[in-house]
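For reference, the structure discussed in these notes is given below.
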Amino acid sequence: MIIFSVILANLFPVLVIPLFYKTSPLTDEEVTQKIYNLCERANLKIKGLYTINLSSKTKKANAAVVGLGNTKRILLGDNLLNNFELDEILSALAHEITHYQEHHIWWLIIWQSAITFVLFFIFFKISPFFYALAGFKNISDIGAFPLLIAIFVILTFLFKPLGSAISRYYERRADAGAIKLTENPEAFIRLIARFCNEQLTIAYPSPLIEWYAYSHPSPGKRISFAEIWKKG
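Those letters in the sequence shown? Residues 1 to 232, per the UniProt record's numbering, in order.
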């Protein structure tokens, strides 16, 4: 599984992404130099900078550090590159660089795998009790299938907040890394505010909804975090 993941990480930027999006080398010299300076501060060595034609399928602005070794590269969505200020672009990219440098994607995969294992373990432990309680003789009874689905859905519902909390933890780390790397909390604040406005996101959602479902801290909390950082 690990070997497969490493191979996929290497091949993804050069074989998979081009199947769905047009990519091309970044030609803006000022942006290129600023990004390389940012990578140098982060001690990140990359093999290239590319723009990706996200606007063909979405209005969302995004960036990513992808690949390993000889395929390691930065992808800048054209929506981000064309519609945001340079310091905002650098903040977004610094956030993604932190994710990459701290291996957040790999940690999330590990956490999600562990959660899934525990979920299925509990599912197989408790299912016999419930289908016996409902009068079914064994799990192969076709009539028990809706009950098993209901048990699985309920367990998934109960485990959802744990996955959300873990994701928010890594997003907070990436936010902190972005501000520290760029030394520009003001640009980060403007970036999050623009994301919030353009994606019609609620800045301060219900705490319960955020706790249960949000993979990122709410925009309001992210902005407040940057404002506290700015004040020192």
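All C-beta atoms in this analysis are idealised placements derived from N, C-alpha and C, irrespective of residue type, glycine included.
Item                                                                                                            : Value
Contact check, Asp78 vs Asn53, beta carbons under 9 Å                                                           : yes
Cutoff 6 Å; reference Glu198; Cβ partners in own chain excluding five residues on either side                   : none
Status (buried if at least 16 other CB within 10 Å, exposed otherwise) for Ile3                                 : Bear in mind that a pLDDT of 47 at Ile3, under 50, signals an unreliable position, so the model cannot answer this.
Presumed contact (8 Å Cβ cut-off) between Ala61 and Asn37, rounded CB distance                                  : Not really, about 21 Å apart at Cβ, beyond 8 Å.
Euclidean distance between Cα positions of Thr32 and Gln112                                                     : 35 Å
Per-residue DSSP class, three states only, for Tyr50                                                            : strand
Own chain partners of Pro207 with C-beta closer than 7 Å, once the 5 adjacent residues on each side are dropped : none
Residue from Leu75, Gly69, Asp28, Arg41 whose Cα sits closest to the Cα of Pro18                                : Leu75
Proximity of Lys230 and Pro185 at Cβ, strictly below 9 Å                                                        : yes
Phe195, buried or exposed, once every other Cβ within 10 Å from all chains shown has been counted against 16    : buried
Exposed unless 16 or more other CB atoms sit within 10 angstroms - verdict on Leu188                            : The question names Leu, yet the displayed sequence has Phe at residue 188. Buried, by the Cβ-count rule.
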